[in-house]
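Trainee: Position in the sequence shown (first residue = 1) + 68 = my numbering. Let me begin by handing over the structure; questions about it come next.
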Amino acid sequence: MTDATVPDPTAAWSFETKQIHAGQAPDDSTGARALPIYQTTSYAFRDTDHAAALFGLAEPGNIYTRIMNPTQDVVEQRIA
69 MTDATVPDPT
79 AAWSFETKQI
89 HAGQAPDDST
99 GARALPIYQT
109 TSYAFRDTDH
119 AAALFGLAEP
129 GNIYTRIMNP
139 TQDVVEQRIA
């Protein structure tokens, strides 16, 4: 019996590909490997003060999908 090492499939990945896949782990609750794509255009606010803080950009959070959404946030965190 030989002791062969398994080649690393990520060795040929470019820097950009490694950036996108870095930190990727299965979801704890679902076991899903891929990041879900959130297809929402609206978000709930705790109250009017919370909404005002978000729209005033005084507090980070989701207010409008073209500005920020949960899927985009994960991608940005991986690249950063």
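We treat Cβ as the ideally placed atom computed from N, Cα and C, and that holds for glycine.
1) Ignoring anything shorter than 4 residues or poking outside the stretch 109-136, list the alpha helix (DSSP H) runs there in chain order.
2) Kindly confirm or deny that the stretch 102-115 and the stretch 126-139 touch, where touching means at least three C-beta pairs closer than 8 Å.
3) Can you tell me where the alpha helix (DSSP H) with Pro138 in it begins and where it stops?
4) Under a three-way DSSP split, which group does Gln38 fall into?
Mentor: Considering the structure as presented:
1) If we require 4 residues or more, the alpha helix (DSSP H) runs fully inside the stretch 109-136 come out as 116-123.
2) Short answer: they touch.
3) It spans 138-147 - the alpha helix (DSSP H) in which Pro138 sits, taken as one unbroken run.
4) This structure cannot settle anything about residue 38, because the visible part of the chain is limited to 69 through 148.
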